[in-house]
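2 protein chains.
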Amino acid sequence: MTVLGVDPGITHLGLGVVREEGKTFHFLHAEVVKTRADEPAPARVGRLYERLEETARRYGVEAIAVEEQFFYRQNELAFKVGWAMGAVFLVAHGLGVPVFGYGPMQVKRALVGHGHADKESVARMVARFLSLKEAPREDHATDALAIALTHLFHARLGPKPL
Amino acid sequence: MTVLGVDPGITHLGLGVVREEGKTFHFLHAEVVKTRADEPAPARVGRLYERLEETARRYGVEAIAVEEQFFYRQNELAFKVGWAMGAVFLVAHGLGVPVFGYGPMQVKRALVGHGHADKESVARMVARFLSLKEAPREDHATDALAIALTHLFHARLGPKPL
């Protein structure tokens, strides 16, 4: 089972691909796609779409897992994260793969064991589960891997896709 | 100049196409695309994308104009309207056309002359500008035509695309 984890956003979008084989989790890919506020919005969302699509296709991703925030500090932020979600859903639709959503506390609970873990603890567990010396340097990439792992931990429970 | 107006939403998305020739505005198309909350999100956003893309292509649309709300009652609503916006931007990116945003007061001002006009006044002016007996039965379709007209009224002012 190969999962693409996504930490969605319009200025920074984290991507992480994890494959589970037997009882082992393999790190396949992590990156942060960046767009600038002074670029036209169609080009920004277009680049997110292309990187998501290319990554999902290259690794034969079977599911996409996204971090869902339930509260945003601002409406405008929620709106713009929504743009990125539109790209995620269209990639999923094109490839025929389901999308699963996990809240930040679910991710922390899955990786560290409780919902109030700090970033460092999550990063340490991402590295441990994936047998990496350390987690990626960029937070959004680590978050994306954490979300992919969260889905793999939940997959046997039959979560409902978005 | 042919413009696709969009009233963005995930359960109801209004589409309206208006062409300006000389001093005349022609009604070309109006519809409301509907999706159900019990459908998978990728299929919902996928259907919006497909209808937007097909409509934009069929009428040779040169610009897309969307209604932008600046306040949403809820974060979650803003997030989900964002999903639809993702589809709009990706259609625009694929066809190489710019996207322009107008707030509800700008639309009312452009059509009726002041920013606090009621829905009926806007609908009446949509019908009048487009030489229709009456505006479309569905509000979201009328809103989409109003947004397309708003862009045509602003186009000479060189608005900045999103």
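Protein chains in written order, with my numbering: chain A, 0 to 161; chain R, 0 to 161.
Beta carbons are placed, not taken as given, at the ideal position from N, Cα and C, and that holds for glycine.
Since the model is a prediction, treat every value here as computed from it, not as a measurement.
Chain A contact residues for M84 of chain R, given Cβ-Cβ distances below 9 Å = What M84 of chain R touches in chain A: A40, V44, F78, K79, G81, W82, G85.
key: Straight-line gap, A40 of chain A to E52 of chain R (C-alpha atoms, nearest Å)   = Between A40 of chain A and E52 of chain R, the C-alpha separation is close to 17 Å.
inquiry  = With a threshold of 9 Å between beta-carbons, can V98 of chain R be considered close to chain A, or not?
reply    = V98 of chain R counts as touching chain A.
inquiry  = Threshold first: 4 residues or longer. Then list the alpha helix (DSSP H) segments lying entirely within the segment 112 to 154 of chain A, N to C.
reply    = If we require 4 residues or more, the alpha helix (DSSP H) runs fully inside the segment 112 to 154 of chain A come out as 118 to 128, 138 to 153.
ask   = Expressed to the nearest angstrom, what Euclidean distance is found between the alpha-carbon atoms of A36 of chain A and L12 of chain A?
value = Approximately 14 Å between the Cα atoms of the pair.
key: Three CB pairs or more closer than 8 Å across the segment 92 to 99 of chain A and the segment 57 to 74 of chain A   = As far as the Cβ criterion goes, the segment 92 to 99 of chain A touches the segment 57 to 74 of chain A, which means the pair count is three or higher.
request  = Give a yes or no on whether 9 Å exceeds the smallest Cβ distance from P160 of chain A to chain R.
outcome  = Taking a beta-carbon distance threshold of 9 Å, P160 of chain A counts as an interface residue toward chain R.
query = What is the rounded straight-line gap between the Cα of A154 of chain R and the Cα of F26 of chain A?
reply = A154 of chain R and F26 of chain A have their alpha carbons spaced roughly 50 Å apart.
inquiry  = Quick check on Y101 of chain R: does DSSP put it in helix, strand or coil?
reply    = Correct three-state label for Y101 of chain R: strand.
query = What does Y48 of chain R reach in chain A if we use C-beta pairs closer than 7 Å?
reply = Within 7 Å Cβ-Cβ: L89.
query = Would a check of beta-carbon distances place H179 of chain A closer than 9 Å to chain R?
reply = Since the first residue shown for chain A is 0 and the last is 161, residue 179 of chain A is missing from the structure and cannot be characterised.
request  = List the endpoints of the continuous alpha helix (DSSP H) containing F24 of chain A.
outcome  = From DSSP, F24 of chain A is part of no alpha helix (DSSP H) but of the beta strand (DSSP E) over 23 to 33.
Per-residue DSSP class, three states only, for E67 of chain R = Looking at E67 of chain R - three-state DSSP - the assignment turns out to be coil, as it is neither helix nor strand.
query = Can you give the Cα-Cα distance for K33 of chain R and G85 of chain R, rounded to whole angstroms?
reply = So the two alpha carbons sit approximately 17 Å from each other.
request  = Mark K79 of chain A as exposed unless 16 or more other C-beta atoms lie within 10 angstroms of its C-beta, in which case mark it buried.
outcome  = Of the residues assessed, K79 of chain A falls on the buried side of the cut-off, its CB having 16 or more other CB atoms within 10 angstroms.
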